[in-house]
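Report on the structure given below.
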Ligand code: SF4
Ligand code: SF4
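Residue numbers (the numbering used here), protein chains in the order written: chain A, 62 to 349; chain B, 161 to 225.
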């Protein structure tokens, strides 16, 4: 998509909703904004129905502000809290049937390469822990094993949050939720390590407590996926509604989990991905 | 009637920490000329994250009529 496509046709300026005009005039398409500039431009997401204090909503803002080329990006989502917000995003996006996101993304990425030769189109899967780690684990793993060149981002709120609070594979052992009253009986799935072993050339585990760090990882993951192969980012998204803490404590909770080792921030690079990132950083340093 | 966050302009130092803690898009806007932020009460869910983030105690949550 060219940046021109989001421009308003002459004569229609006045009848377009204010938010749309704002997006065209002050949005981030083609301008290369980053997380640091949030608050100074119209964001790529509008008002969403996610709960007050939602860590997923916070992470989504940071991700959207970090996309290397939003105008050439397609998001593939699936059922979950995130799908309620993704409908408000001003980027091409597809809602796939629960668990199908990485299969859909595979077809889409390949089709875009044929349809737009010579032009880079980024496909980014954004889905919840249920979509990626449980219901869609088969399609997710197979896209990694096949080496498909797109990024998968998991919003890990450690529960099925919009269906009343069932445990997911990503909930920690012993977690008690509304619909897991006796506590979860098996440990959290070590998906980052599974991703690394299944062929993801770059894997990152992070929380939204540090926006710049998250932004850098997202950018890195997308750029690496373009060149080398699948990348995976897992973001801890504190859920005040199901884990029953105050909405104002979401970020504090993320920081605590990083510190006490229950959600360690970490990155895995394949040797080629490491080399690629070092080259990229060198180029950035040289050009300022 | 609902609740929303508000920034006391005299106390705000423009550090943008609140912007980086808000889950709501386009709710807290940075005004470069004044180097301060303001909050659109219609977009705020009164979660209190910005209040926790602000080191200068510039944010309060108040009732909006
Ligand atoms: S965190 Fe406080 S001082 Fe900093 S910009 Fe926000 S309101 Fe102003
Ligand atoms: S109270 Fe919550 S929703 Fe309202 S401006 Fe602050 S962080 Fe954003």
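Here a beta-carbon is modelled for each residue, glycine too, at the ideal position from N, C-alpha and C.
Run of the beta strand (DSSP E) containing residue i, from where it starts to where it stops
i: residue 138(A); result: 134 to 139
i: residue 189(A); result: 183 to 189
i: residue 123(A); result: Segment 116 to 125 is the alpha helix (DSSP H) holding residue 123(A); no beta strand (DSSP E) there.
i: residue 191(B); result: 188 to 191
i: residue 166(B); result: 162 to 167
i: residue 206(B); result: Looking at the DSSP string, residue 206(B) is not in any beta strand (DSSP E), and its letter there is neither H nor E.
Residue from the options whose Cα sits closest to the Cα of residue i
i: residue 293(A); options: 161(A), 156(A), 322(A), 327(A); result: 327(A)
i: residue 225(A); options: 147(A), 304(A), 170(A), 233(A); result: 304(A)
i: residue 184(A); options: 266(A), 213(A), 199(A), 249(A); result: 213(A)
i: residue 81(A); options: 176(A), 105(A), 174(A), 187(A); result: 105(A)
i: residue 216(A); options: 178(A), 115(A), 188(A); result: 188(A)
i: residue 273(A); options: 70(A), 122(A), 118(A); result: 122(A)
i: residue 211(A); options: 78(A), 120(A), 280(A), 347(A); result: 280(A)
i: residue 252(A); options: 239(A), 230(A), 271(A); result: 230(A)
i: residue 341(A); options: 311(A), 319(A), 282(A); result: 282(A)
i: residue 178(B); options: 163(B), 162(B), 222(B), 204(B); result: 204(B)
i: residue 193(A); options: 208(A), 207(A), 158(A), 289(A); result: 158(A)
i: residue 14(A); options: 232(A), 117(A), 171(A); result: Since the first and last residues shown for chain A are 62 and 349, residue 14(A) lies out of range.
i: residue 287(A); options: 181(A), 75(A), 83(A); result: 181(A)
i: residue 220(A); options: 330(A), 249(A), 308(A); result: 249(A)
i: residue 184(B); options: 87(A), 103(A), 70(A), 73(A); result: 103(A)
i: residue 228(A); options: 300(A), 100(A), 172(A), 179(A); result: 300(A)
i: residue 206(A); options: 97(A), 258(A), 65(A); result: 258(A)
i: residue 137(A); options: 126(A), 170(A), 127(A), 119(A); result: 170(A)
Simplified DSSP state of residue i, which is helix, strand or coil
i: residue 241(A); result: strand
i: residue 107(A); result: coil
i: residue 331(A); result: coil
i: residue 200(B); result: coil
i: residue 204(A); result: helix
i: residue 97(A); result: helix
i: residue 181(B); result: helix
i: residue 81(A); result: helix
i: residue 224(A); result: coil
i: residue 217(A); result: strand
i: residue 348(A); result: helix
i: residue 279(A); result: helix
i: residue 144(A); result: helix
Cβ-heavy atom distance, residue i to ligand 4, below 6 Å
i: residue 126(A); result: Absent from the structure shown: ligand 4. Ligands present: ligand 1 and ligand 2.
Short CB-CB distance (under 7 Å) between residue i and chain E
i: residue 274(A); result: Of the protein chains in this structure, namely A and B, none is chain E.
Residue interval of the alpha helix (DSSP H) (run including residue i)
i: residue 315(A); result: 311 to 320
i: residue 213(B); result: 209 to 213
i: residue 302(A); result: 301 to 304
i: residue 256(A); result: 252 to 258
i: residue 195(A); result: No alpha helix (DSSP H) contains residue 195(A), which DSSP labels as neither H nor E.
i: residue 152(A); result: From DSSP, residue 152(A) is part of no alpha helix (DSSP H); its letter is neither H nor E.
i: residue 294(A); result: It is not in any alpha helix (DSSP H) - residue 294(A) instead sits in the beta strand (DSSP E) that spans 292 to 297.
Nearest-residue set for ligand 2, Cβ under 6 Å from any heavy atom: In chain order, the hits are 165(B), 181(B), 182(B), 184(B), 187(B), 188(B), 199(B), 204(B), 205(B), 206(B), 207(B), 208(B), 209(B), 210(B).
Inter-stretch contact at 8 Å, needing at least 3 Cβ pairs: the stretch 233 to 248 of chain A / the stretch 84 to 93 of chain A: Segments in contact, no.
Sufficient close CB pairs (3 or more, under 8 Å) joining the stretch 195 to 213 of chain B to the stretch 128 to 141 of chain A: Flag = no, the stretch 195 to 213 of chain B and the stretch 128 to 141 of chain A do not touch.
Stretch-stretch touch, CB-based, cutoff 8 Å, three pairs: the stretch 248 to 267 of chain A with the stretch 284 to 293 of chain A: The stretch 248 to 267 of chain A vs the stretch 284 to 293 of chain A: in contact.
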